[in-house]
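In the numbering used here, the protein residues as written are 125 to 803.
So, in structure tokens, the structure goes:
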């Protein structure tokens, strides 16, 4: 190097050193200098500006700095807001020059640009709407983090983060987004489809596909896979679980398909005339056709329930089938001559044939409610009503050539109780311990024969009728060991009388006894009798009931006392002229003509309530007022008592009597003054 060059270099170095020093002093606040953050400072007149240094030695001659003794540094350590270094490329016309160009030689081993940012700002920040990075070669990044932004125009190919975290990869219209491995495209994303060229493995989390998809190779999915469009697989599809979306629509009927439609229905469709087959080891085990489901001899196990739709029964009756017919009926059909069996643990418990319903030994029929058995018209035939904790029950026993037995089981000496629909007792049958006599009812044939009620068991037993308090009210007993006479009670038509008859031996009659066989009333019958006694009750009043002889005209009524006994009429109260004890009235109105006996032992005759005559205790006969009579025989007299004189006053007594004198009967009178004179 020439000396002049060394001098020039030395001068330049000194000037640059001075210039830098002046720059430091101008911007160093520690020396007391202050500035407002502007980009200029006044240098001393003895130094160059950076622009002057740039042109030192010629235009642009001072632009190069050889860094061989440490890096060129610019340090900012105050609180100002100015930038440390600003590069402004604003050419007046189009120019290719860059604001910053970094070149590293082939021997460089570090990055051309190293950014050590410990602050909160971005390492590199572009402020325009687009920021382009062009490279002649491949750009390499250890990690690339995208900040939230707005996606560029659709006409650009870009990778962007938007919508608070979405990652958008965009290709230009008509182009594709390609994912490649080892230079081979494995996933092609076009505007109409996504093509996966290799096997697809989906792990937990699943895959959702909303467009139509075609797989030309095997598809293996270990997670869930959701398709919103159609899926065409030309090879084998192997899945752990296949879940169909619930909003699908069934394809055309000419396709064989599986679809979830109607918001959750699963439809498996086969072509017309074909079947849907479920096979095991290549053998069809279940075949579903348009008209039948063929289980191929397999069992149906663990079936929750089987619901049948209404249909028409098969035409073949000589087959085994189950059918829902008549819009709700369930028909179970067996072959001709066979039976329907309901079994438990392999043992038939209930058997249905065309003629019988069988229950295996030990089985019962239990009604879970108060239900019963209906007749052919669905009317109640027998109803069973349960009683809580019941201990007695009905036992029905058939017989061989004998009567069927109805028995009360469960507790000793319990009987039967018959009630109406109002729960009112109508008939009760109560047994006694070790009972040996019972009621027997025997039917009859012929118009003249009646049903027989018999006391069976021990011979010569009768019937005792009790009231509700178990008190005897009527008893039918048996006298003798071979009775031939009995009581018959005949009902009658309208207006007829009920008949009590002895229909045993002829002309026997009836006997009414008190306790201990003490006779009270005996009704005897005469041979071929036609007359009889009628006793008629009466309405209120003193007329009273009547006893009448009937059967023939003008029939007498005979009262025959025993031996020297008499017919005694004993009224409760002594008779009088207005209330005689023995009345002769017949059907004539008025019951006050007859005989009476008063308390003075006098027998009186009354006519129409007036005393006509009476016989006194002294054998006198008294005639009433206005009564005349004829007396025969001596000693008779006619006495007039309480005679009314013409003056209206009552006198004592007048008497007309007869007596015998000298063999002649002489009538005499005794006047009211007591004197007597012959008439």
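Backbone N, C-alpha and C define an ideal beta-carbon position, used for all residues, glycine too.
Neighbour-count burial assignment, residue i, 16 or more Cβ in a 10 Å radius
i: residue 242; result: exposed
i: residue 378; result: exposed
i: residue 373; result: exposed
i: residue 517; result: exposed
i: residue 720; result: buried
i: residue 701; result: buried
i: residue 279; result: exposed
i: residue 177; result: buried
i: residue 490; result: exposed
i: residue 693; result: exposed
i: residue 160; result: In this predicted model, residue 160 has a pLDDT of only 49, less than 50, meaning its place in the structure is not dependable; the value taken from the coordinates is given anyway. With fewer than 16 other Cβ atoms within 10 Å, it is exposed.
i: residue 738; result: buried
i: residue 470; result: exposed
i: residue 376; result: exposed
Residue i beta carbon near the ligand FAD (any heavy atom closer than 6 angstroms)
i: residue 290; result: Ligands displayed in this structure: none; no statement on the ligand FAD is therefore possible.
CB contact flag (residue i, residue j, <7 angstroms)
i: residue 648; j: residue 633; result: yes
i: residue 578; j: residue 599; result: no
i: residue 473; j: residue 484; result: yes
i: residue 547; j: residue 533; result: no
i: residue 706; j: residue 718; result: yes
i: residue 226; j: residue 237; result: yes
i: residue 394; j: residue 380; result: yes
i: residue 498; j: residue 505; result: yes
i: residue 658; j: residue 682; result: no
i: residue 409; j: residue 420; result: yes
i: residue 433; j: residue 449; result: no
i: residue 344; j: residue 325; result: yes
i: residue 388; j: residue 370; result: yes
Span separating the alpha-carbon of residue i from that of residue j
i: residue 460; j: residue 503; result: 30 angstroms
i: residue 212; j: residue 293; result: 33 angstroms
i: residue 704; j: residue 731; result: 9 angstroms
i: residue 220; j: residue 251; result: 20 angstroms
i: residue 556; j: residue 537; result: 6 angstroms
i: residue 507; j: residue 613; result: 37 angstroms
i: residue 769; j: residue 678; result: Its pLDDT being 47, under 50, residue 769 is placed unreliably by the model, and nothing is read from it.
i: residue 597; j: residue 587; result: 11 angstroms
i: residue 206; j: residue 264; result: 32 angstroms
i: residue 801; j: residue 698; result: 40 angstroms
i: residue 569; j: residue 544; result: 30 angstroms
i: residue 267; j: residue 195; result: 28 angstroms
i: residue 667; j: residue 602; result: 41 angstroms
i: residue 173; j: residue 183; result: 14 angstroms
i: residue 234; j: residue 223; result: 22 angstroms
i: residue 229; j: residue 199; result: 27 angstroms
i: residue 541; j: residue 554; result: 8 angstroms
i: residue 188; j: residue 247; result: 27 angstroms
i: residue 337; j: residue 476; result: 58 angstroms
i: residue 619; j: residue 688; result: 43 angstroms
i: residue 332; j: residue 468; result: 50 angstroms
i: residue 487; j: residue 481; result: 13 angstroms
i: residue 313; j: residue 423; result: 50 angstroms
Local conformation of residue i per DSSP, three classes
i: residue 543; result: strand
i: residue 167; result: The predicted model places residue 167 with a pLDDT of 44, which falls under 50 and marks its position as unreliable; any figure quoted below should be read in that light. If DSSP states are grouped into helix, strand and coil, residue 167 belongs with coil.
i: residue 420; result: coil
i: residue 174; result: helix
i: residue 640; result: helix
i: residue 393; result: strand
i: residue 289; result: coil
i: residue 519; result: strand
i: residue 606; result: coil
i: residue 162; result: Interpretation of residue 162 is limited by its pLDDT of 48, a score under 50 that renders its predicted location unreliable; no figure is taken from the coordinates.
i: residue 588; result: strand
i: residue 110; result: There is no way to answer for residue 110, as the model of the chain reaches only from 125 to 803.
i: residue 549; result: strand
i: residue 683; result: coil
i: residue 772; result: The predicted position of residue 772 is uncertain, since its pLDDT is 43 and thus under 50; a value taken from the coordinates is nonetheless stated next. Residue state, collapsed to three classes: coil.
i: residue 342; result: coil
Contacts around residue i, its chain only, beta-carbon distance under 8 angstroms, and the 5 residues preceding and following it disregarded
i: residue 281; result: 294, 295, 296 and 299
i: residue 615; result: 622
i: residue 310; result: 303, 304, 320, 321 and 322
i: residue 637; result: 643 and 644
Close Cβ partners of residue i (< 7 angstroms) along its chain, the five nearest in sequence each way excluded
i: residue 444; result: 457, 458 and 459
i: residue 695; result: 705
Cβ shell of residue i (< 6 angstroms), same chain only, five flanking positions each side left out
i: residue 625; result: 612
i: residue 529; result: 521
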